[in-house]
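What follows is a short report on a single structure.
Chains as they are written, first to last, in the numbering used here: chain A, 200 to 400; chain B, 2 to 157.
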């Protein structure tokens, strides 16, 4: 039986193709590294994202352009008197002022949104992209990050699938039907999951 | 130094513009072609600006909205399948128009005299990847998140 779905490896970007940064590094260091990332492979076409590692060199987050934009807002809080009047906020601002804003303050944790390699389907992946306004989803294999899928690749693959003539065997048709239902149900249930909870769909 | 938005925006003549009355298929093909040639292009875009019947700009067809459309066509939700089964025949894909899927200007535009900070706030508040810039009520350009990147260091 020949599957009409492309292999995930054909459009997933390996984690080794991204530059990495430690979660305790400063945003200024991240900006420099992001500039370097833009020129990775070919000029201006490198990834617009960094992988954030903890002290044990394990991936713990993604640093995207939006994460970096968020850091400018934290900087503004230093001027905000009502925010500073709160003891915890004051402590946080003082720390940011002294050591700079750390990457971990603005990164998106890996666990916020992820997708399992063996459970991947286009419907669930595109639902995660469109409902959460994100551009990258980490791909896990046995709990470890092995790569990233980006929104434009999923768009392109889905569009390519839509223009292909559908040739399903009866068994495939049934399997696809049940997979679609399973996916629809899991997407509906996913609405009730908080964003911070790991989403394995 | 104050940064003027006109210095960082992409002007309309550099951005693809389509009528909101064209078919969704045509718009998706334009976005797909752009994806295919991306390796050779720096000024790539992931959205199309849409115009109304008298040429006025009405919004954007973003990659996200195009993805929503393709997904809904390929994997219709259970409720949609049920509704179609009960009430009407499905509309053929070739008949769908861009106007049904665009993001309107509301919550997506800033004034050319606004501060850069206002653009960043809008991007983060609505979780979008590009904003339209207007001058005296007329849309004159687009700012993408990548265009903002170069100014972050100055703001830290």
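Ideal placement from N, C-alpha and C gives every residue a C-beta, glycine not left out.
query: Which residues of the segment 47-71 of chain B have a Cβ closer than 7 Å to any Cβ of chain A? Give them in chain order.; result: 47, 64, 65, 67, 68, 69, 71
query: Can you give me the start and stop residues for the beta strand (DSSP E) that residue 313 of chain A sits inside?; result: Where residue 313 of chain A is concerned, there is no enclosing beta strand (DSSP E), given that its DSSP letter is neither H nor E.
query: So the candidates are A/354, A/233, A/263; which of them puts its Cα closest to the Cα of residue 36 of chain B?; result: A/354
query: Residues of chain A with CB under 7 Å from residue 147 of chain B, in chain order?; result: 247, 264
query: Tell me the DSSP secondary structure of residue 127 of chain B in three-state form.; result: helix
query: Which of the three DSSP states, helix, strand or coil, is assigned to residue 111 of chain B?; result: strand
query: From this set, B/5, B/125, B/63, which residue's C-alpha is nearest residue 101 of chain B's C-alpha?; result: B/63
query: Taking 8 Å as the CB-CB limit, is residue 76 of chain B close to chain A?; result: yes
query: Sort B/121, B/69, B/128, B/133 by Cα distance to residue 150 of chain B and report the nearest one.; result: B/121
query: Using only the alpha-carbon positions, how far apart do residue 219 of chain A and residue 31 of chain B sit?; result: 34 Å
query: Report buried or exposed for residue 253 of chain A, applying the criterion of at least 16 other Cβ atoms within 10 angstroms of its Cβ.; result: exposed
query: Determine the closest residue to residue 302 of chain A out of A/206, A/276, A/267, with distance taken between C-alpha atoms.; result: A/267
query: How should residue 223 of chain A be labelled, buried or exposed, when 16 other C-beta atoms within 10 angstroms of its C-beta is the threshold for buried?; result: exposed
query: May I ask you to report which of helix, strand or coil DSSP gives residue 139 of chain B?; result: strand
query: Specify, as a first and last residue, the run of the alpha helix (DSSP H) that residue 235 of chain A falls within.; result: 226-237
query: Just checking: is the beta-carbon of residue 339 of chain A within a distance shorter than 8 Å of some beta-carbon in chain B?; result: no
query: Counting C-beta neighbours from all protein chains within 10 Å, is the total for residue 130 of chain B 16 or more, i.e. buried, or is it exposed?; result: buried
query: Less than 8 Å between the CB atoms is what I'm expecting for residue 346 of chain A and residue 214 of chain A, so what's the real figure, rounded?; result: 5 Å
query: Assuming residue 155 of chain B is part of the alpha helix (DSSP H), what are its boundary residues?; result: 153-156
query: What are the residues in the segment 296-312 of chain A lying within 9 Å of chain B by C-beta distance?; result: 299, 300
query: For chain A, find out if any of its Cβ atoms is closer than 8 Å to the Cβ of residue 10 of chain B; answer yes or no.; result: no
query: Just the C-alpha distance for residue 212 of chain A and residue 3 of chain B, rounded to the nearest angstrom, thanks.; result: 38 Å
query: Just the Cα atoms here: how many angstroms apart are residue 297 of chain A and residue 155 of chain B?; result: 18 Å
query: Among B/107, B/147, B/152, which has the Cα closest to the Cα of residue 203 of chain B?; result: The requested residue 203 of chain B does not occur in the structure, where chain B is confined to residues 2 to 157.
query: With H, G and I counted as helix, E and B as strand and the rest as coil, what does DSSP make of residue 98 of chain B?; result: strand
query: Let me see if you follow: with CB-CB separation under 8 Å, is residue 261 of chain A close to chain B or not?; result: no
query: Can you name the residues that DSSP bridges to residue 215 of chain A?; result: Beta-bridge pairing links residue 215 of chain A to no other residue.
query: To the nearest angstrom, report how far apart residue 27 of chain B and residue 308 of chain A are at their CA atoms.; result: 37 Å
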